[in-house]
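Reading through the structure tokens given below for one structure.
Residue numbers (our numbering): 779 to 1197.
Structure follows, in structure tokens:
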């Protein structure tokens, strides 16, 4: 009997709270940076290799529902290369993390980058316990250079560079000018447009400072300016007169308008009216009302701090806008201060005063903050998905409800501060 071929497992480590509110309904490795997600970058360097996923227990069912053919939180027999899902994978690191060889751990300082193992001790090694240290000491330890995402704002900071790296690694087919009659292309060799994308006349695609990637079935309406590095995911629509500036990644099935710079939209979200979105990360199933605008630069030009886990953290970034969780919504003319957060399934009406921190399942308006009724929030979320011909699965609905309970303490804390 031949030996089972080595497999790959992408794992989520215990730093996932650093990525709230973006990861209540997805593992860290499914966040986007550049054209692709962190998971997709890893898989691209191990083509045709069978793989599995490892995430925190309260996401297991949801990840299985979304990936029905992929094992989740299963220790496979034989050799498995476990790779940290916070890694920004590149060719150099992939060559080091070989699938074949003796059991070993690949480290960057104290951080576990990867482990090659052929026994069932993987959950122990991942646990971070004293037993994990014992397991680590029994294996060869190899120090490797690696770029790790520590916080969600790192994805924004690195997005421009990753757009360029992804484009070069994917080596997509250059745009055919005939596809875009009446539009103007600058440095067209660095512009890729899917064959079924529709680019209406009067737009400019400018790849002089970085590539532009336009995915399948994208519609770009007239008089848009798309500045690279930038990517627009499959099925998305860019509204007439939109300005997308460098460092912007739009995921699949979005509607985007107004002015956007150095921002990431995970997917299935709408920001289709006027207003400014800068140096921000927007989750899925978000609807941003007309005129919604965020600040991305302090009047002092100093480093931006952001609230995470009840504490203010200095990001070291001069430009940083807003982190907006899944299912969040804003009313018309809502304004956000520099370094703001909006939690999972919250509704925001600024009432003229800039918003800073809104916890999950919160209704924020001129009268202050109140809980967003869970049954109503779930009903609205399900209705929004049906508008895109999708149905929220039972496990996803259960996860939605669980997030309400998990974030109750955050709401209570903010309500106390507001009194």
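C-beta: ideal position from N, C-alpha, C; glycine also.
Are the Cβ atoms of residue i and residue j separated by less than 8 Å?
{"i": "residue 996", "j": "residue 1021", "result": "no"}
{"i": "residue 1039", "j": "residue 1023", "result": "yes"}
{"i": "residue 1067", "j": "residue 1110", "result": "yes"}
{"i": "residue 1173", "j": "residue 839", "result": "yes"}
{"i": "residue 972", "j": "residue 954", "result": "no"}
{"i": "residue 927", "j": "residue 875", "result": "no"}
{"i": "residue 860", "j": "residue 811", "result": "no"}
{"i": "residue 1199", "j": "residue 807", "result": "Because the chain in this structure spans residues 779 to 1197, residue 1199 falls outside the shown range and cannot be described."}
{"i": "residue 1133", "j": "residue 1148", "result": "no"}
{"i": "residue 1143", "j": "residue 1127", "result": "yes"}
{"i": "residue 1057", "j": "residue 1074", "result": "yes"}
{"i": "residue 1100", "j": "residue 1119", "result": "yes"}
{"i": "residue 980", "j": "residue 960", "result": "yes"}
{"i": "residue 1246", "j": "residue 792", "result": "Since the first and last residues shown for the chain are 779 and 1197, residue 1246 lies out of range."}
{"i": "residue 1122", "j": "residue 802", "result": "yes"}
How would you write the range of the beta strand (DSSP E) that residue i sits in, first residue to last?
{"i": "residue 1037", "result": "1037 to 1039"}
{"i": "residue 1029", "result": "1026 to 1030"}
{"i": "residue 921", "result": "918 to 921"}
{"i": "residue 964", "result": "962 to 964"}
{"i": "residue 1062", "result": "1059 to 1062"}
{"i": "residue 1134", "result": "1133 to 1136"}
{"i": "residue 1008", "result": "1008 to 1010"}
{"i": "residue 1055", "result": "1054 to 1056"}
{"i": "residue 869", "result": "First-last for residue 869: 869 to 874, but that is the alpha helix (DSSP H), not the beta strand (DSSP E)."}
{"i": "residue 1092", "result": "1089 to 1095"}
{"i": "residue 882", "result": "882 to 886"}
{"i": "residue 1005", "result": "1003 to 1005"}
Give me the DSSP bridge partner(s) of residue i.
{"i": "residue 1141", "result": "1125 and 1148"}
{"i": "residue 971", "result": "992"}
{"i": "residue 1100", "result": "1118"}
{"i": "residue 789", "result": "832 and 862"}
{"i": "residue 1072", "result": "1114"}
{"i": "residue 976", "result": "997"}
{"i": "residue 895", "result": "858"}
Take residue i as the anchor and find which of the options has the nearest alpha-carbon.
{"i": "residue 853", "options": "844, 872 and 831", "result": "831"}
{"i": "residue 868", "options": "906, 895 and 823", "result": "823"}
{"i": "residue 797", "options": "1077, 1093, 1153 and 1114", "result": "1093"}
{"i": "residue 897", "options": "848, 886, 882 and 911", "result": "882"}
{"i": "residue 967", "options": "985, 1129 and 1037", "result": "985"}
{"i": "residue 949", "options": "813, 978 and 1095", "result": "813"}
{"i": "residue 1166", "options": "1178, 1064 and 1189", "result": "1064"}
{"i": "residue 1036", "options": "913, 998 and 1189", "result": "998"}
{"i": "residue 816", "options": "933, 841 and 827", "result": "933"}
{"i": "residue 944", "options": "1188, 1025 and 1000", "result": "1025"}
Please report the Cβ distance between residue i and residue j, rounded to the nearest whole angstrom; I am assuming they are in contact, meaning their Cβ atoms lie under 8 Å.
{"i": "residue 782", "j": "residue 855", "result": "6 Å"}
{"i": "residue 952", "j": "residue 858", "result": "The pair is not a contact, with the Cβ atoms about 39 Å apart (cut-off 8 Å)."}
{"i": "residue 1053", "j": "residue 1007", "result": "Contact flag wrong, Cβ pair sits at about 22 Å."}
{"i": "residue 877", "j": "residue 1103", "result": "Actually they do not touch by this definition, with Cβ atoms about 36 Å apart."}
{"i": "residue 834", "j": "residue 794", "result": "6 Å"}
{"i": "residue 1178", "j": "residue 1159", "result": "6 Å"}
{"i": "residue 1138", "j": "residue 1188", "result": "6 Å"}
{"i": "residue 1180", "j": "residue 836", "result": "7 Å"}
Which first and last residues belong to the alpha helix (DSSP H) in which residue i is found?
{"i": "residue 937", "result": "930 to 948"}
{"i": "residue 822", "result": "816 to 822"}
{"i": "residue 908", "result": "908 to 915"}
{"i": "residue 904", "result": "900 to 905"}
{"i": "residue 839", "result": "838 to 844"}
{"i": "residue 1181", "result": "1172 to 1184"}
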